[in-house]
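In the numbering used here, the protein residues as written are -15 to 544. Working notes, structure below.
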C-alpha cells in the first residue's frame, strides 16, 4: 500500500533470513549440554497469519474520515496484517504472545505521514478525538514500548514514521546532519556515506531500527566508545506536541536551565512525536580494524577495559566476553574460519602448558579507526595495557569475523522459540568499582531462579560501552521452560531475578533498551520516589489526557 517495509510479523528481521546452525558443528552439542535442547528434533513450523484471530478495528467512522482527509486513503490502513505488525515490538514477551495468537488489543488503524505538518495534524486529531497515538519506527523495541494497553477502550492509532526517512542537510563545518526520525540505520548511513560522512551509531538492531526510536529509548551502539551514545550524538531535534512543535536547536552546549533535550531523550513517545534531529556526523575514517585478544579470565578483562578507558587511547570498540559467552562464541563458529585457526587445540595446548585455566578464558574485541598514525598510537597503548593484564593478541581475522556477524544475534531469539526454548537479554551500567560485584551476584541470582524452576539454563555476559566512570554489562540468558507451566511466568522469574540484581548491586535497570512496560517495576528503585514524582509531573503537564503512548515508562500504580 506504500513504500514502507516492515519486519516479519512473527519474528526478527525479514523473511528468508534466520540463524543457521547446520554449518556450525559445535553448536548443537553445546546447546544440548547447556540447556538440554536437542536440535535434532524438528523445529516448529513458521506461524501462519491466517490462523490468527485478529480483533476487528474499532475505528470510528468520523475519525477514519478525518485521517483520510489529512493523509489520503492510500496512507491510512486498517488491514488486519498491518495492524498486527504494529501491535508488538520484538521482545521475548512480544514474540511469545504473537506466536500464540494472543492479541488483547490491536491498533485500530495505521497511518503513514509524509512530513511534519501531517504529523502535527495527526497528533491534534488524536487529542481532539480522545484517541491513543503510538509512534512506530522500525518495530525493533524489546521492552514493551509499542504494546497497546489491553484495557484501552479509546481508538488506537499507530503512527508509522517510515516515510520520513531522509537526510535533509549536512552542516559540514559543524559536523552535523539533519535527519528525519523514520530513517533506518542502513538508509541513514547510505545517504551520509554518499558524501563521505558517517554517524557511527551501530546498535544490534541497526538494520531494523530508526533514528527516532534510538532517541526515544536512549540507544547505544557498539561503537559508542568513539561516537558516543545517542544522547551524546543528538544535539537538536523537533518534536510534535498537541498544537505546537518543540524545537531544540543544535547547539554545542547551553546553560538554559533543565535540559529540554534531555527530557525528550528516552521519552518513548510519552511527550510527543519526534520528527527529525540534528546529529553529530564524522568523516569516514581512513582505516578501520577490529582486533581480537584473549584474556585469562573475566576479571583481567574488566581491569584492562577500565585502564583503557582511563588512558590516552581512543578505541572505537572495547568489548570483552565472560567465559560462558566466550564458550558460546567458539561454538557458533563455522567448521573452517579464521577464528578456529587462531583459537583451536594448538593454541589451547600452548596456553594449558602456560598454566591457563581454559574454562575461564575470555575473548575481547577492540576496534580502531582513524589515520595510520593515530591507530598506531592507540594500538600501542592498548597493546601494553592488555599485555599487562595477561592477554594475548589473536589478530584481525577473528575481529573481522565478529564485525561481519555483529548484527546477527537477535535472530537467535527466534531460533530458540522455534524449538521451544526462551532466550533474552538484559543490560545495565555501573561504576567500575561495582562491576565485579554486580556481575557475580547477577549470575548467581539467575542460576538461583533456574533452580527454583527446576530447569537447565545458561547465562553469559559481555562488557561493552566503556566510560570514564564505568561500563555497560550485557547479559544474555536462555533456558527450556518446564512443560505444564506458562512459559512467560517462568521467563518473568528469571528476568526479574536479573533485573532486581541490577538495582540491588549499584546498576541501572537498563543501559540502552529503555523502560517500556517490561522494566517499569524497577523504575522507582532506579531513580527514587522523588525522581519518579518529577517524571509523573512532566508527563501530566504535557499529556494530561494520556493520549500519547500511555502505559510506558510509569508503573501502573503511579499513573493518574
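Glycine included, C-beta positions come from ideal geometry on N, C-alpha and C. Since this is a predicted model, take the numbers as computed values, not measurements.
>> Under DSSP, the alpha helix (DSSP H) around residue 308 begins and ends at which residues?
In response: Run containing residue 308: 307 to 315, per the alpha helix (DSSP H) assignment.
>> Can you check which of these residues, 189, 542 and 531, is closest to residue 514 by C-alpha distance?
In response: Residue 542 is the option with its Cα nearest to residue 514.
> Just the Cα atoms here: how many angstroms apart are residue 292 and residue 366?
Replying inline: 6 angstroms
>> Please give the ranges of any alpha helix (DSSP H) in the region 472 to 532, keeping only runs that are unbroken, at least 4 residues long and fully inside the region.
In response: For the region 472 to 532, the continuous alpha helix (DSSP H) assignments of 4+ residues that do not extend past its boundaries occur at 507 to 526, in sequence order.
> What separation, rounded to the nearest whole angstrom, lies between the Cα atoms of residue -12 and residue 218?
Replying inline: 25 angstroms
> For residue 143, which option in 86, 67 and 216 has the closest C-alpha, if you only look at C-alpha atoms?
Replying inline: 67
> Would you say residue 197 reaches chain D, if we count a Cβ-Cβ gap shorter than 8 angstroms as a contact?
Replying inline: The displayed structure is made up of one protein chain only, and chain D is not part of it.
>> So, at 6 angstroms on beta carbons, what are the nonlocal neighbours of residue -1 in its own chain, with the 5 sequence-adjacent residues on each side left out?
In response: -8
> Using the C-alpha atoms, what's the distance from residue 460 back to residue 116?
Replying inline: 34 angstroms
>> Nearest by alpha-carbon distance to residue 83: which of 118, 110, 120 and 33 is it?
In response: Cα-wise, what sits closest to residue 83 is 33.
>> Do residue 249 and residue 303 count as a contact pair if the criterion is CB distance below 8 angstroms?
In response: no
>> Helix, strand or coil for residue 272? Go by DSSP, reduced to three states.
In response: strand
>> Among 290, 450, 432 and 426, whose alpha-carbon lies nearest the alpha-carbon of residue 373?
In response: 290
>> Once the 5 residues before and after residue 2 are set aside, which same chain residues still bring their CB inside 6 angstroms of it?
In response: 395
> Nearest to residue 273 by alpha carbon, out of 349, 264, 282 and 252?
Replying inline: 349
> How many Å lie between residue 468 and residue 476 at the Cα?
Replying inline: 16 angstroms
> Taking just the CA atoms, how far does residue 172 sit from residue 109?
Replying inline: 30 angstroms
>> Just verifying my parser: in three-state terms, what is the DSSP assignment at residue 216?
In response: helix
>> Looking at the strands, I want to know which residues DSSP matches up with residue 442.
In response: 462
>> With the cut-off set at 8 angstroms, would you say residue 188 and residue 393 are in Cβ contact?
In response: yes
>> Just list the residues that DSSP pairs residue 351 with in beta bridges.
In response: 274 and 301
> Short check: CB of residue 252 to CB of residue 533, under 8 angstroms?
Replying inline: yes
>> Could you compute how far the alpha carbon of residue 162 sits from the alpha carbon of residue 216?
In response: 15 angstroms
> CB-CB under 6 angstroms to residue 285, same chain, minus the five flanking residues each way: which ones, in chain order?
Replying inline: 279, 304, 346 and 348
>> In the DSSP output, which residue or residues are listed as bridge partners for residue 95?
In response: 60 and 143
> Just curious, the beta strand (DSSP E) that residue 25 is in, first and last residue?
Replying inline: That residue, residue 25, is in no beta strand (DSSP E); it is neither H nor E in DSSP.
>> So within the region 110 to 194, which uninterrupted alpha helix (DSSP H) runs reach at least 4 residues, ignoring any that extend past its ends?
In response: 169 to 177
> Roughly how many whole angstroms lie between the Cα atoms of residue 322 and residue 447?
Replying inline: Confidence at residue 322 is low in this model, with a pLDDT of 47, below 50, so the placement of that residue is unreliable and no value is reported for it.
> Looking only at DSSP bridge pairs, what is residue 266 linked to?
Replying inline: 182
> Is it a yes or a no for the region 376 to 394 touching the region 414 to 421, going by three-plus beta-carbon pairs under 8 angstroms?
Replying inline: no
> How about the region 39 to 50 and the region 486 to 498: do they share at least three Cβ pairs that are nearer than 8 angstroms?
Replying inline: no
>> Given a cut-off of 8 angstroms on the beta-carbon distance, is the pair residue 73 and residue 128 in contact?
In response: yes
> Pick from 458, 22 and 495: whose alpha carbon is nearest that of residue 213?
Replying inline: Checking every option, the nearest Cα to that of residue 213 belongs to 495.
>> Using the three-state DSSP reduction, which class does residue 49 fall into: helix, strand or coil?
In response: Note: residue 49 maps to helix in three-state DSSP.
>> Are the CB atoms of residue 85 and residue 36 within a distance shorter than 8 angstroms?
In response: yes
> Got a sec, what are the start and stop residues for the beta strand (DSSP E) residue 411 sits in?
Replying inline: 406 to 415 is the span of the beta strand (DSSP E), which, as asked, contains residue 411.
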